[in-house]
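*Asks:* Handing you this structure, nothing more for now.
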Ligand SMILES: Cc1cc2nc3c(=O)[nH]c(=O)nc-3n(C[C@H](O)[C@H](O)[C@H](O)COP(=O)(O)O)c2cc1C
Ligand code: FES
């Protein structure tokens, strides 16, 4: 793409530029999209890209075959992924060695590389097109769908797909109040956790007195086990930026800030690049597209603290202070960053804004349930066949997401629970699988929508251990300002730890519930107010499992180390010695070709013998 | 709110750069936050040293001690946890002789735990010197670490710092 000669000064300039980009794109015959999401990159997709690039150059194809390194394409389980278009041919588990063949067979001859096609684990069918694969077909990828169509480093790709047209339309024909009216009508609710209506939040920001205001994009994504925001920031940063600029215009802010966690270096890089490119072409800066609206965006990199994702804490972190929450009121719309009116929105919320304005409020609010509109991205992970990011209309049932899209439980095991809402959420049992993913329905069931984490668990996950896990996380992350949160979580953790060791007594469960209620009631910020949810929801739905630990001193899932033991079944063991050699504690004894034994006193219950034995002679009890 | 007591925002933005960014720069340069650097920062910005330490100890990404030449990072996010990351971390800790969050006395290894690396499909995940390894089991840890420990490494080869 030829560099733009001068900044775009009017909406007409933008359209001319877009037309030039599209004309240029017509000369491309094929596109190869290599997934650069974390899962695929972990599997070596950067090397695949390099090989492809090299090979295309050697075959003299670089001019007509476009190569993109994209954000997450969704089906991380089958990575590294490569999509060839036209045809949206979906290749999975690709290696660098396949690069030449993809070019020779598919690009040049139009033939498929059969072994790289996706075979569905459930019905055994082979699929060619990405759009046909059940995992993707059953989703509504409004926000994620463009990820494979664009290179996050290229503003031209985004413009080629119609990007920034909504912004131009807003600047040209709508005032802030009109934009806010549309958002209110769309009934968009915040995707960061609490589900507060975005239109109302923006209206408060707009109405707040003062001519210096800020809008902040919350890309702190602290939920451990969720990566929706990361994928948007990495894969389609301009969509988030466009939402942020529209937000700035609507509330009358002159400055936007993207607060992103340091653990996401690619997201930091891509959003910085997107900002720089938008500035270059004139979509950021002074007098954007001749509208008289000035807007700048900077990036603030977090230093790692879960609680800093809470809005008032986040503002302190942006200011460079210790990111602890403060008492509200005064609300941020009155006193936020540098004491000026400030609006904070989640990444996915902002990415919804251009979508809503493009689709129109009516079509948008046709998606979802009565109280929860639009789509939601979930990070579907854990013991499920198809792990990855799924974007579905709000209100889709948990069962549809886990079974139809996720392909059910891994290894033919039984579903036990699904955890939604991260550390603030709860665990829902099989009897609630038909619950719709709706803000209210999830809260009533004792969980939460949260930011979109969805962790699927099977019979080998211990619910008491999971409650312990979240308490340990929250104890570490509590800022310690409130007594109830600091001490309450620590004491709950001690109690649950005692249960996992089988050192507790029955009355403890009631005490735990009482303490959980106090922490909920008496804490200042969302962290403490929701910290009890993992404990309360597991106590509510999996009380027998707690009782098994308490009364029978038994961990039915076989997880809690103090309550399990390993044994070698003499009738099965053939004395091959594999477990003896692999045991790091030297706890297995026995002569070759004779049944082995485990010395209980030495055994650390790491389970390596069980994993190593090929004959099923090691038993966990 | 006690004005002026906790709302001491502007001093944190010396030269337009926040204290956090300045600490990040120091950490980038040295790999950790050496005390002389923090004292220098305090003198240069007028920010009390205790405030600097307050920020440095609050955030997880700052390290007040040098890290090992080989860095092993075990993900302990929820997805990794339900797929057995606790057992994996325990084995790595035993093999390297380093507690999570610690560095070996000879400065060879450090073991860190993090919450979600965003590759949950590959859970449990371990990063060795920047390279991602997925679906790690307790039994797989020894082979995984061979590259940095050498073939002869036993349990707890190096004593903890
Ligand atoms: C302890 C805690 C951590 C939070 N972490 C995040 C986060 O990482 N990302 C996020 O978008 N919201 C987070 N939130 C929610 C924010 O406080 C806030 O509701 C949200 O950013 C507002 O944006 P929204 O209205 O667009 O959802 C957190 C809240 C609490 C209490
Ligand atoms: S929980 Fe480990 S990568 Fe997400």
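Protein chains in written order, with the numbering used here: chain A, 2 to 622; chain B, 54 to 214. Beta carbons: idealized from backbone N, C-alpha and C, even for Gly.
(1) Which class does residue 237 of chain B belong to by DSSP, given the choice of helix, strand or coil?
(2) Under 7 Å between beta-carbons, which chain B residues line up against residue 609 of chain A? List them in chain order, please.
(3) At a threshold of 6 Å, does residue 128 of chain B count as lining ligand 2 (C-beta to nearest heavy atom)?
(4) If we cut at 7 Å on Cβ distances, does residue 112 of chain B have a partner in chain A?
(5) What residues are listed by DSSP as bridge partners for residue 430 of chain A?
(6) Verify the CB distance criterion: does residue 55 of chain B have a CB-CB separation below 7 Å to chain A?
(7) Can you look up residue 115 of chain B in the DSSP assignment and give me helix, strand or coil?
(8) I want to verify the contact list: residues of chain A whose CB lies under 8 Å from the CB of residue 107 of chain B, in sequence order.
(9) Could you check if residue 192 of chain A belongs to the surroundings of ligand 1, using beta carbon to heavy atom distance under 6 Å?
(10) Kindly indicate which residue of A:234, A:143 and A:405 has the alpha-carbon position closest to the one of residue 266 of chain A.
(11) Here's a check: name, in chain order, each residue in its chain whose Cβ is nearer than 8 Å to the Cβ of residue 114 of chain A, leaving out the five neighbours to either side.
(12) Which residue's Cα is closest to the Cα of residue 369 of chain A: A:303, A:438 and A:66?
(13) Can you give me the C-alpha to C-alpha distance between residue 436 of chain A and residue 395 of chain A, rounded to a whole angstrom?
(14) Do three or more CB pairs link the segment 353–362 of chain A to the segment 318–330 of chain A at distances below 8 Å?
(15) Does the pairing of the segment 527–535 of chain A with the segment 479–497 of chain A give three or more beta-carbon distances under 8 Å?
(16) When the cut-off is 7 Å and only beta carbons count, does residue 225 of chain A lie next to chain B?
(17) According to the neighbour-count rule (16 or more other Cβ atoms, all chains shown, within 10 Å of its Cβ), is residue 52 of chain A buried or exposed?
(18) For residue 185 of chain B, go through chain D and note every residue whose CB falls closer than 7 Å to its CB, in chain order.
(19) Is it true that the CB of residue 337 of chain A sits closer than 7 Å to the CB of residue 10 of chain A?
(20) Classify residue 581 of chain A: buried if its beta carbon has 16 or more other beta carbons within 10 angstroms, exposed otherwise.
(21) Does residue 30 of chain A pass the burial test, meaning 16 or more other C-beta atoms within 10 Å, or should it be called exposed?
(22) Tell me the start and end of each unbroken beta strand (DSSP E) in the segment 438–524 of chain A that is at least 3 residues and wholly inside, in chain order.
(23) Considering only the beta carbon of each residue, do residue 232 of chain A and residue 72 of chain A sit closer than 7 Å?
(24) Taking its Cβ as the centre, do 16 or more other Cβ atoms sit within 10 Å of residue 277 of chain A, making it buried, or is it exposed?
(25) Determine the extent of the alpha helix (DSSP H) in which residue 220 of chain A is found, giving its start and end residues.
(26) Residues of chain B with CB closer than 9 Å to the CB of residue 420 of chain A, please, in chain order.
(27) For residue 267 of chain A, decide whether its Cβ has a neighbour in chain B, counting only Cβ atoms nearer than 7 Å.
(28) Whose CA, out of A:591, A:286 and A:189, lies closest to the CA of residue 364 of chain A?
(29) Could you name the residues of chain A that residue 179 of chain B contacts, counting a contact when the two beta carbons are closer than 8 Å?
(30) Determine which residues of the segment 295–312 of chain A have a Cβ less than 9 Å from any Cβ of chain B, and write them out in chain order.
(31) Under the criterion of a Cβ to heavy atom distance below 6 Å, does residue 311 of chain A qualify as lining ligand 1?
(32) Using CA atoms only, rank isn't needed, just tell me which of A:575, A:588 and A:602 is closest to residue 595 of chain A.
(33) Hey, is residue 170 of chain B close to ligand 2, as in C-beta under 6 Å from one of its heavy atoms?
(34) Out of curiosity, what's the CA-to-CA distance linking residue 324 of chain A and residue 86 of chain B?
(35) Is residue 160 of chain B close to chain A? Criterion is C-beta to C-beta, closer than 7 Å.
(36) Give the DSSP-derived three-state secondary structure of residue 108 of chain B in the structure shown.
*Replies:* Checking against the coordinates, here is how it stands:
(1) Limits of chain B in this structure are 54 at one end and 214 at the other, which puts residue 237 of chain B out of reach.
(2) What you label residue 609 of chain A is simply residue 608 of the first chain in a count that begins at 1. Within 7 Å Cβ-Cβ: 191 and 192.
(3) For the purposes of this step, residue 128 of chain B is taken as residue 75 along the second chain, with counting starting at 1. Indeed, a heavy atom of ligand 2 lies less than 6 Å from the Cβ.
(4) Mapped onto the second chain, residue 112 of chain B falls at position 59. At least one chain A Cβ lies under 7 Å of residue 112 of chain B.
(5) Residue 430 of chain A sits at position 429 when you count from the first residue of the first chain. Residue 430 of chain A is bridged by DSSP to A:418.
(6) Looking up residue 55 of chain B in the second chain gives position 2. With a pLDDT of 37 at residue 55 of chain B, under the threshold of 50, the predicted position of this residue should be treated as unreliable, though the coordinate-derived value follows. No, residue 55 of chain B lies away from the interface with chain A (no Cβ there is under 7 Å from its Cβ).
(7) Here residue 115 of chain B is taken as the residue at index 62 of the second chain, counted from 1. Reduced to three states, the DSSP call for residue 115 of chain B is coil.
(8) Sequence index remark: in the second chain, residue 107 of chain B carries index 54 (1-based). Going along chain A in sequence order, the residues near residue 107 of chain B (Cβ under 8 Å) are 323.
(9) The sequence position of residue 192 of chain A within the first chain is 191, counting from 1. Within the cutoff, so yes.
(10) If you number the first chain from 1, residue 266 of chain A lands on position 265. With distances taken between Cα atoms, residue 266 of chain A lies closest to A:234.
(11) Your numbering for residue 114 of chain A matches position 113 in the first chain. Non-local beta-carbon contacts of residue 114 of chain A in its own chain, meaning distances under 8 Å to residues more than five positions away in sequence, involve 92, 99, 102, 103, 106 and 107 in chain order.
(12) The sequence position of residue 369 of chain A within the first chain is 368, counting from 1. The candidate whose alpha carbon is nearest that of residue 369 of chain A is A:438.
(13) Position 435 of the first chain, counted from the first residue, corresponds to residue 436 of chain A. Position 394 of the first chain, counted from the first residue, corresponds to residue 395 of chain A. One C-alpha to the other measures close to 11 Å.
(14) Counting Cβ pairs under 8 Å, fewer than three are found: no touch.
(15) With the rule of 3 Cβ pairs closer than 8 Å, the segment 527–535 of chain A counts as touching the segment 479–497 of chain A.
(16) Here the question's residue 225 of chain A lines up with position 224 in the first chain. Yes - at least one Cβ of chain B is within 7 Å of the one on residue 225 of chain A.
(17) Residue 52 of chain A sits at position 51 when you count from the first residue of the first chain. With 16 or more Cβ atoms within 10 Å of its Cβ, residue 52 of chain A is classed as buried.
(18) Among the chains of the structure shown, chain D does not appear; the protein chains present are A and B.
(19) Here residue 10 of chain A refers to the residue found at position 9 when the first chain is read from its first residue. Here residue 337 of chain A refers to the residue found at position 336 when the first chain is read from its first residue. Not a contact, by the Cβ cut-off of 7 Å.
(20) In the first chain, residue 581 of chain A corresponds to position 580, counting from 1. Classification of residue 581 of chain A: buried, given that the 10 Å Cβ count is 16 or more.
(21) Your numbering for residue 30 of chain A matches position 29 in the first chain. Exposed is the call here.
(22) Whole beta strand (DSSP E) segments, 3+ residues: 454–459.
(23) For this step, residue 232 of chain A is matched to residue 231 along the first chain. For this step, residue 72 of chain A is matched to residue 71 along the first chain. It is a contact, given that the beta carbons lie within the stated cut-off.
(24) Taking the first chain and counting its residues from 1, the one referred to as residue 277 of chain A is at position 276. By the neighbour-count rule (16 or more Cβ atoms within 10 Å), residue 277 of chain A is not buried but exposed.
(25) On the first chain, residue 220 of chain A is found 219 positions in, with the first residue counted as 1. The continuous stretches of alpha helix (DSSP H) do not include residue 220 of chain A, which lies in the beta strand (DSSP E) extending over residues 215–220.
(26) As a working note, residue 420 of chain A is residue 419 in the first chain. 131 and 135, listed in chain order.
(27) Taking the first chain and counting its residues from 1, the one referred to as residue 267 of chain A is at position 266. Taking Cβ atoms only, chain B never reaches closer than 7 Å to residue 267 of chain A, which makes this a no.
(28) By one-based count along the first chain, residue 364 of chain A stands at place 363. Closest option to residue 364 of chain A, Cα to Cα, is A:189.
(29) If you number the second chain from 1, residue 179 of chain B lands on position 126. Here the premise fails: no neighbours, minimum Cβ distance about 11 Å.
(30) 301, 302, 303, 304, 305, 306, 307 and 309
(31) Locating residue 311 of chain A in the first chain gives position 310, where the first residue counts as 1. Of the heavy atoms belonging to ligand 1, at least one sits nearer than 6 Å to the Cβ of residue 311 of chain A.
(32) The residue labelled residue 595 of chain A in the question sits at position 594 within the first chain. Considering only alpha carbons, the answer is A:575.
(33) Residue mapping note: residue 170 of chain B aligns to position 117 of the second chain, counting from 1. Residue 170 of chain B Cβ: within cutoff of ligand 2.
(34) By 1-based counting over the first chain, the position of residue 324 of chain A is 323. By 1-based counting over the second chain, the position of residue 86 of chain B is 33. Between the alpha carbons of residue 324 of chain A and residue 86 of chain B lies a distance of about 19 Å.
(35) Taking the first residue of the second chain as 1, we reach residue 160 of chain B at position 107. Cβ-Cβ to chain A under 7 Å: no for residue 160 of chain B.
(36) As a first step, residue 108 of chain B must be located in the second chain, where it is residue number 55. In the structure shown, residue 108 of chain B sits in a helix (DSSP, three-state: H, G or I).
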